[in-house]
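Data block below; observations after.
Numbering (this note's numbering), first residue to last: 3 to 55.
Below is the structure:
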(Lines of atoms letter the chains of each structure in order from A and count residues from 1; the text may use other names and numbers.)
(Lines give C-alpha, C1' and ligand atoms only; values in the text may rest on other atoms or scores of the structure.)
Protein backbone atom coordinates (compact mmCIF):
# COMPACT_ATOMS: atom_id res chain seq x y z
CA UNK A 1 0.00 0.00 0.00
CA UNK A 2 1.25 3.46 -0.84
CA UNK A 3 0.31 4.79 2.60
CA UNK A 4 2.75 2.37 4.23
CA UNK A 5 5.56 4.56 2.86
CA UNK A 6 6.90 7.30 5.12
CA UNK A 7 5.63 10.83 4.62
CA UNK A 8 2.53 10.04 2.55
CA UNK A 9 -1.09 10.96 3.30
CA UNK A 10 -4.54 11.20 1.76
CA UNK A 11 -6.88 14.11 2.41
CA UNK A 12 -10.54 13.48 1.58
CA UNK A 13 -12.54 16.71 1.28
CA UNK A 14 -15.87 15.24 2.46
CA UNK A 15 -18.00 16.86 -0.23
CA UNK A 16 -21.62 15.67 -0.06
CA UNK A 17 -21.94 15.16 -3.83
CA UNK A 18 -19.90 14.96 -7.02
CA UNK A 19 -20.17 17.78 -9.54
CA UNK A 20 -18.46 17.16 -12.84
CA UNK A 21 -14.76 16.45 -12.49
CA UNK A 22 -14.15 18.23 -9.18
CA UNK A 23 -11.52 16.73 -6.90
CA UNK A 24 -12.83 14.76 -3.95
CA UNK A 25 -9.43 14.61 -2.26
CA UNK A 26 -5.66 14.73 -2.75
CA UNK A 27 -2.66 12.47 -2.21
CA UNK A 28 0.27 14.11 -0.45
CA UNK A 29 3.92 13.06 -0.28
CA UNK A 30 7.29 14.33 0.85
CA UNK A 31 10.53 13.00 -0.62
CA UNK A 32 14.26 13.57 -0.71
CA UNK A 33 13.80 15.15 -4.16
CA UNK A 34 10.95 16.41 -6.31
CA UNK A 35 11.12 13.23 -8.39
CA UNK A 36 10.92 11.06 -5.26
CA UNK A 37 7.93 13.02 -3.91
CA UNK A 38 6.14 12.80 -7.27
CA UNK A 39 6.72 9.05 -7.47
CA UNK A 40 5.31 8.57 -3.96
CA UNK A 41 2.30 10.80 -4.73
CA UNK A 42 1.66 8.81 -7.92
CA UNK A 43 1.59 5.57 -5.89
CA UNK A 44 -0.87 7.13 -3.45
CA UNK A 45 -3.12 8.28 -6.31
CA UNK A 46 -3.06 4.87 -7.99
CA UNK A 47 -3.94 3.05 -4.76
CA UNK A 48 -7.14 5.04 -4.11
CA UNK A 49 -10.52 4.34 -5.67
CA UNK A 50 -14.04 5.58 -5.07
CA UNK A 51 -17.37 3.85 -5.53
CA UNK A 52 -20.51 5.88 -6.20
CA UNK A 53 -23.75 4.76 -4.54
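Yeah, the Cβ is synthetic: ideal placement off N, Cα and C, and Gly gets one too.
Keep in mind it's a predicted model, so treat the numbers as computed, not measured.
When the options are compared against residue i, the one with the closest alpha-carbon
i: residue 53; options: 29, 37, 20, 43; result: 20
Simplified DSSP state of residue i, which is helix, strand or coil
i: residue 47; result: helix
i: residue 13; result: strand
i: residue 32; result: coil
i: residue 42; result: helix
Close Cβ partners of residue i (< 8 angstroms) along its chain, the five nearest in sequence each way excluded
i: residue 40; result: 31, 33
i: residue 25; result: 15
i: residue 9; result: 31, 32, 33, 42
Beta-carbon proximity list for residue i, same chain, < 6 angstroms, skipping 5 on both sides
i: residue 29; result: 12, 43, 46, 47
Which residues DSSP lists as bridging residue i, in chain order
i: residue 58; result: The structure shown does not extend to residue 58, since the chain spans only 3 to 55, so no value can be given for it.
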